[in-house]
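Residue numbers (the working numbering): 26 to 91.
Positions of the beta carbon are idealized from the N, C-alpha and C atoms, including for glycine.
In what follows, a structure is listed as C-alpha cells, so that the remarks can point back to it.
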Amino acid sequence: MKIIVKSLPEHWEKENDGRKPCTARELDGSDKIEIINTATNEVCERIITDVTVWKGKILISFKKAK
C-alpha cells in the first residue's frame, strides 16, 4: 500500500529530515482514493468520507465520485 500526501514547504523540511515523523490530515470532502484492478489496470476514483484506525488496520471509507 502507498499513501501519498502533499506537504507545505514550511513542513516539508522537517518531514524530510526526520524532525517531524508524523502527519495529520483533515478530510475536506475532496480527498480521493484510486482503486486499481491488478489484472486490467482499470482505475476507479472514490471520495474518502472517513479514515479510522481499528486493531492496527487503517479503514478508509469512501463514496462514488460524481
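| Check | Outcome |
| --- | --- |
| Under 9 Å between C-beta atoms of residue 68 and residue 50 | no |
| Spatially closest choice to residue 54 from 62, 72 and 37, by CA coordinates | 72 |
| Whole-angstrom distance between residue 86 and residue 79, CA atom to CA atom | 13 Å |
| Contiguous beta strand (DSSP E) assignments of at least 3 residues, all confined to the region 29-70 | 57-61 |
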